[in-house]
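Numbering (the working numbering), first residue to last: 11 to 193.
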């Protein structure tokens, strides 16, 4: 049996893969060592094209959110990494805490009177799990199986290595304009 060559070059297949594959699987977004302290964040462009922000909360929990303000869809975090007690949208200055809750709406009373409650406009959370060597895994599908069920015993031969503390000590980003299946 041969793999149909269209799998590597067909534009329609490429358009379907983000939704049908990448949005439904666990993907490594970063390593927890990149978020050493509360309020540290790291942005991540998901293979589906969605922009995410991974944040270590004030409680130490690592959470991921869509990197978009729920008000007008503006990008919240523009730097690839940093630390911020508050994420502020530059469009209308809405603010969000490290747990994704909306903490401030500029000119709230004048613009919305009593029609909008900030408890209803928090950041959209993404399923996140930290494991297997401290990697931060994300899944855009709220109904996907757990990370442990997804991995199963696939990493069992690496288990001794994954017990050692791992750390990212340098980060570089390269953009390759290429077919990801053939480059």
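Glycine included, C-beta positions come from ideal geometry on N, C-alpha and C.
- Residue 19 sits in a helix when the DSSP states are folded into three classes.
- Residue 72 places its beta carbon 8 Å or farther from that of residue 78.
- Restricting attention to 88, 35, 75, 27, the CA atom closest to the CA of residue 111 is found in 75.
- By the Cβ-count criterion, residue 80 is buried, with 16 or more other Cβ atoms from all chains shown falling within 10 Å of its own Cβ.
- Selection 168, 51, 115 evaluated against residue 101 yields 115 as nearest (Cα-Cα).
- The Cβ atoms of residue 165 and residue 157 do not sit closer than 8 Å to each other.
- Take the alpha-carbon of residue 182 and the one of residue 129: they are about 37 Å apart.
- Residues 18 of the same chain have their beta carbon placed closer than 7 Å to that of residue 191, with the five preceding and five following residues left out of the count.
- Taking the Cβ atoms as the reference, residue 146 lies roughly 11 Å from residue 137, outside the contact range of under 8 Å.
- In the DSSP assignment, residue 158 falls outside any beta strand (DSSP E) and within the unbroken alpha helix (DSSP H) covering 157 to 161.
- The three-state secondary structure of residue 82, taken from DSSP, is coil.
- Taking all protein chains shown into account, residue 53 has 16 or more neighbouring C-beta atoms within 10 Å of its C-beta and is therefore buried.
- Counting the other CB atoms within 10 Å of its CB gives residue 95 a total below 16, which places it among the exposed residues.
- Taking 8 Å as the cut-off, the beta carbon of residue 151 is found closer than this to the beta carbon of residue 34.
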